[in-house]
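Just so we're aligned, residue 32 is where the sequence shown starts under this note's numbering, counting upward by one.
Reviewing the structure listed below.
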Amino acid sequence: MPAPPSLSRLADLLKLRCSIYQQLYNPLNIRTGSKVLRQRLKGAAIASYYPRRMVSMKELQGLYPELETYDDYEADREDNIVLKKARGKGAPKKKRTAEESKKFAKRGGRPGGAVAKAPPT
Numbered sequence: 032m033p034a035p036p037s038l039s040r041l042a043d044l045l046k047l048r049c050s051i052y053q054q055l056y057n058p059l060n061i062r063t064g065s066k067v068l069r070q071r072l073k074g075a076a077i078a079s080y081y082p083r084r085m086v087s088m089k090e091l092q093g094l095y096p097e098l099e100t101y102d103d104y105e106a107d108r109e110d111n112i113v114l115k116k117a118r119g120k121g122a123p124k125k126k127r128t129a130e131e132s133k134k135f136a137k138r139g140g141r142p143g144g145a146v147a148k149a150p151p152t
């Protein structure tokens, strides 16, 4: 019975096999990620799964400003803002000057001008 091949001869055989089959020669079995890199890319399949994005009214108005368009969503939003302001639930007014901002800071930074009370002694 013939003797088993030497380790150096097996290493040479492995190197030759890797060059023939276009595989990565990795005698130390270090993790390289080549298994993941050999896989087919999934981007096109995932992108084709989701439907194409529809154009919004705002984009159409930007593309064709000469056309007179009506945006239901924007009109409803503006109506809701008017109704909220009428009930006093709208966004607060912006401070126009540094003076108005300082007034808020003098009040203690609390809404409505409430000042923190000292604890009873």
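Ideal placement from N, C-alpha and C gives every residue a C-beta, glycine not left out.
The model shown is predicted, which means the values in this text are computed figures rather than measured ones.
- Annotation: Arg62 to Leu38 spans about 22 Å, alpha carbon to alpha carbon.
- Per DSSP, reduced to three states, the secondary structure at Glu130 is helical.
- In the three-state scheme derived from DSSP, where H, G and I count as helix and E and B as strand, Gly93 is classed as helix.
- Under the three-state reduction of DSSP output, Ala34 falls in the coil class, being neither helix nor strand.
- The C-beta separation of Asp103 from Lys89 comes to about 12 Å, leaving the pair out of contact by the 8 Å criterion.
- C-alpha of Ile51 to C-alpha of Leu91: approximately 57 Å in a straight line.
- Each residue's CA atom was taken as its position, placing Asn57 and Met85 some 49 Å apart.
- Contact annotation: Leu55 and Ser65 have beta-carbon atoms nearer than 7 Å.
- CA-to-CA, the gap between Ala122 and Tyr80 works out to about 40 Å.
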